[in-house]
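Residue numbers (this note's numbering), protein chains in the order written: chain Y, 7 to 192; chain R, 7 to 192.
For each residue, glycine too, the CB sits at the ideal point set by N, CA and C.
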C-alpha cells in the first residue's frame, strides 16, 4: 500500500492539477490521498470517480499537514527534482519499507509527498528519502505516475474493481464502456 | 524522436495542466510540442525553462490541428483510457515506427496526441494506435509520462544538456543547483 500527501494546494489556482494528482494516485494503485490546503470540491470530484469506477480510494483534506507528515508511521518519500535519481532513491525506499518505518507501529506503508511550486525545507528533512523522477523541471503529476509505476513494478496501471459501475474495455478505435447499472450504487 | 500534439487546450482554464504536459514532454525526451488552441503565455513559459535548463525543445501553437495531425508523416498514437493496453499498444506502435509512417516521406517519428476532456472521433480514427496508459480515469500528464518512459525504455528521465545554464545535482536532503552564468544566454 502507498498513501499520497499533496502539499501546497491552492484552491482555485491548483484545482485541476491537484485533481490530476489525486486521479493518478487512484489509477496507479495508491490507497488514498490527503490534501492540504482543504478543498471540498476536489474531495467531491475524486469521490465521484471512485463511485463510478469502483474501489475504495480514500480522499481527505488536512487543516494542518506538519503533524500528519511527522506522525506518519511508515517511511516517507518526497518527490522532488532535487532528489536522488529514481533507481537509487527507490532502492533506499524499498530497504526502509522492508525494515518497517520509523514510527512506533513501524508501518510498511510509505507516504509519498508531492508539493506544488515551493516546498519548505521541513519536508526535505522529515522525509527519509528525497527522490527525483527526473532532474529537469516537469510536473508532480508525471513524477507521481513514474514513481507509482516503478514502485508497483508496472503492475498497477490496468486495474478492475469488482464494484465498478463503469468499466472500460480496451479498444483499438473507439470508446467501449460497460455501464453496469445494478452495481456501484453505494 | 517523438513529437507531442496537445489538443483541446483552453487558455486560462487549462493553462497549468498544459504547462505540465509540455514540461513533461521536454523532461522525458520529446523533441517538441504543438498546442491547440494557441497560447502565447505557455509557449513563453516553456521556452524560459528551456533557456535555463538547456536543450532545443520546440514549442509552437496551432491555429488548426486537423491538417497537422492528418499531415504527420510518421505513425500517430493517441493516448486515451479507452485504448489498447500499454504493452500491446506500444508493441503495435514500435512495429509501425520500424516500418516508417504512412506519409510520403515515411518518417519514423511518432506523433503522440494527448487531449483535454473531450476528444473528437476524428482523432481515434486518424491515429494508427489508440493506447491506454491505464484504464481508470487519470491524467494526460500521467499518461504522457508513462508513455515516454516506456517508449524510451526508462532512459530519458535523467538528462543533461550541454548548454544548460542551471543544472541540478542529485541530493539526499536539499537543493543543489549549479548556476553556470557563462552559458545558456541564447
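Chain-order list of residues whose beta-carbon lies under 7 Å from that of residue i (same chain, five-residue window excluded)
| i | result |
| --- | --- |
| residue 179 of chain Y | none |
| residue 27 of chain Y | 12, 120, 146, 147 and 150 |
| residue 205 of chain Y | What the structure shows of chain Y is the stretch from 7 to 192, and residue 205 of chain Y is not part of that stretch, so it cannot be assessed. |
| residue 132 of chain Y | 75, 76 and 82 |
| residue 53 of chain R | 65 |
Among the options, nearest to residue i - alpha-carbon criterion
| i | options | result |
| --- | --- | --- |
| residue 10 of chain R | R:44, R:65 and R:59 | R:65 |
| residue 187 of chain Y | Y:156, Y:169 and Y:50 | Y:169 |
| residue 16 of chain Y | Y:41, Y:36, Y:30 and Y:31 | Y:41 |
| residue 125 of chain Y | Y:95, Y:89 and Y:47 | Y:89 |
| residue 8 of chain Y | Y:29, Y:24 and Y:39 | Y:39 |
| residue 140 of chain Y | R:31, R:24, R:23 and R:20 | R:31 |
| residue 102 of chain R | R:80, R:54, R:87 and R:142 | R:80 |
| residue 158 of chain Y | Y:123, Y:99 and Y:76 | Y:99 |
Chain-ordered chain Y contacts of residue i [CB-CB under 9 Å]
| i | result |
| --- | --- |
| residue 165 of chain R | 140, 141 and 142 |
Identity of the residues DSSP links to residue i by a beta bridge
| i | result |
| --- | --- |
| residue 174 of chain Y | Y:183 |
| residue 79 of chain Y | Per DSSP, none; premise fails for residue 79 of chain Y. |
| residue 38 of chain Y | Y:9 and Y:64 |
| residue 136 of chain Y | Y:84 |
| residue 117 of chain R | R:9 and R:82 |
| residue 127 of chain Y | Note: residue 127 of chain Y sits in no beta bridge, so no partner. |
| residue 150 of chain R | Its beta-bridge partners do not exist; DSSP assigns none. |
| residue 90 of chain R | R:137 |
Partners in chain Y for residue i, counting only beta-carbon separations shorter than 8 Å
| i | result |
| --- | --- |
| residue 179 of chain R | 130, 131 and 136 |
| residue 22 of chain R | 19, 20, 22 and 23 |
Under 7 Å by beta carbon: chain R residues contacting residue i
| i | result |
| --- | --- |
| residue 59 of chain Y | 142 and 143 |
| residue 174 of chain Y | 87, 88 and 141 |
| residue 55 of chain Y | 143 |
| residue 147 of chain Y | 26, 145, 147 and 148 |
Beta-carbon neighbours of residue i, restricted to chain R and to distances below 9 Å
| i | result |
| --- | --- |
| residue 10 of chain Y | Those within 9 Å of residue 10 of chain Y in chain R number zero; the least Cβ separation is about 13 Å. |
| residue 92 of chain Y | 160, 163 and 164 |
Cβ shell of residue i (< 8 Å), same chain only, five flanking positions each side left out
| i | result |
| --- | --- |
| residue 192 of chain R | Residue placement at residue 192 of chain R cannot be trusted, given a pLDDT of 44 that sits under 50; the coordinates are not used to answer. |
| residue 95 of chain R | 83, 89, 135, 136, 137 and 138 |
| residue 51 of chain Y | 25 |
| residue 152 of chain R | 92, 139 and 140 |
| residue 49 of chain R | 41, 65, 66 and 67 |
| residue 47 of chain Y | 17 and 21 |
8 Å Cβ cut-off: residues of chain R touching residue i
| i | result |
| --- | --- |
| residue 45 of chain Y | Here the premise fails: no neighbours, minimum Cβ distance about 15 Å. |
| residue 152 of chain Y | 151, 152, 155 and 163 |
Close beta carbons around residue i, own chain, < 6 Å, minus the five adjacent residues each side
| i | result |
| --- | --- |
| residue 78 of chain Y | 117 |
| residue 173 of chain R | 184 |
| residue 87 of chain Y | 138 and 141 |
* **Residues of the region 25-43 of chain Y whose Cβ lies closer than 7 Å to any Cβ of chain R, in chain order** => 26, 29, 30, 32, 33 and 34
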